[in-house]
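Residue numbers (the UniProt record's numbering): 1 to 100.
Here is the structure we will look at, set down as structure tokens.
Listed below in structure tokens is the structure:
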């Protein structure tokens, strides 16, 4: 990933952490739902967020779509961190390891 893509990825990941942790306005956090709330099947992805279905590329660039994709791609250990500062620290470590 290029540096500007990494910065955007990091900012979106932190904003998703805030949205899911209740640290963002409700108009943002209400856009996200877990797959477990959509259906009752026991799948390995039930703790992931539901990806909104869109065929239009412009909609796929929106934060509510991009953020879900980023959040679901994070490691389980990283998603379970509750402190925002610790989340940022571990995210930076994970991103720098991926770049090397």
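Quick reminder that beta carbons are idealized off the backbone N, C-alpha and C, glycines included.
Quantities reported herein were computed from a predicted structural model and do not represent experimental measurements.
- Taking a contact as a CB-CB distance under 8 Å, the pair residue 66 and residue 49 does not count as one, their CB atoms being some 12 Å apart.
- The alpha-carbon separation between residue 47 and residue 33 amounts to approximately 10 Å.
- A direct Cα-to-Cα measurement between residue 75 and residue 90 gives close to 11 Å.
- For the pair residue 93 and residue 71, the Cα-to-Cα distance works out to about 16 Å.
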